[in-house]
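Chemist: Residue numbers (my numbering): 217 to 388. Questions regarding the structure given below will be posed in turn.
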């Protein structure tokens, strides 16, 4: 039920970045996780967006290069989901400023059809993730990927239309 609500809300976003911000908050609330990281692969870089749950919600946004061994990138490159009992023990995990003291993590690919757009990581401070959790989050990653692709395409079309209007307005 939560995935349907999330998907409906995301498809109504007007801008790709706003959709990501909404997704960070909604996923934290619906799935009661400590933090969420959405990584979008774009032009050889990775746009990392992180959000937290709790009273002091924070959002972190940056464009970075990820090492091949970084678990966020491993999911993108391998197209496979990963589960970690203690993500901080991974030798290539890079701490993310807003993600405080993560323990368990599940990282799933963000897909649009057969294309991998990025990765979706959910963090807990206590407990573990199971294979059943992975199935749910993989579905969420696919729904997010479809919504993100749709919103990004609509946004680019709007920019094209605005550009054409400027050209036509300048035409004598």
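Built from N, CA and C at the ideal position, the CB exists for glycine as well.
Check whether the Cβ atoms of residue 285 and residue 308 sit closer than 8 Å, and answer yes or no.
Modeler: Cβ distance < 8 Å, so residue 285 and residue 308 count as in contact.
Chemist: Identify the continuous beta strand (DSSP E) that holds residue 277 and give its terminal residues.
Modeler: It spans 275-280 - the beta strand (DSSP E) in which residue 277 sits, taken as one unbroken run.
Chemist: I want to know whether the region 232-243 touches the region 365-372 - three or more CB-CB distances under 8 Å.
Modeler: Because the criterion of three Cβ pairs below 8 Å is met, the region 232-243 and the region 365-372 touch.
Chemist: Could you pull the DSSP bridge partners for residue 257 from this structure?
Modeler: Its beta-bridge partners are 262.
Chemist: With a 10 Å radius around its C-beta and 16 neighbouring C-beta atoms as the bar for buried, classify residue 258 as buried or exposed.
Modeler: The residue is exposed, with fewer than 16 neighbouring Cβ atoms inside 10 Å.
Chemist: Go through its chain and collect everything with a Cβ distance to residue 245's Cβ below 8 Å, but skip five positions before and after it.
Modeler: Correct list, in chain order: 269.
Chemist: Classify residue 335 as helix, strand or coil using the three-state DSSP reduction.
Modeler: If DSSP states are grouped into helix, strand and coil, residue 335 belongs with the strands.
Chemist: Can you have a look at residue 249 and say buried or exposed, based on whether 16 or more other CB atoms are within 10 angstroms of its CB?
Modeler: By the neighbour-count rule (16 or more Cβ atoms within 10 Å), residue 249 is buried.
Chemist: Just tell me which of 239, 231, 228 and 253 has its CA closest to the CA of residue 312.
Modeler: Ranking 239, 231, 228 and 253 by Cα distance to residue 312 puts 253 first.
Chemist: Could you tell me if the beta carbon of residue 371 falls within a distance shorter than 7 Å of some heavy atom in the ligand COA?
Modeler: In terms of ligand content, the structure shown is empty, and the ligand COA therefore cannot be addressed.
Chemist: Does residue 309 come out as helix, strand or coil in the three-state DSSP assignment?
Modeler: Coil.
Chemist: What's the call for residue 231, buried or exposed, on a 16-neighbour Cβ count within 10 Å?
Modeler: Residue 231 is exposed by the Cβ-count criterion.
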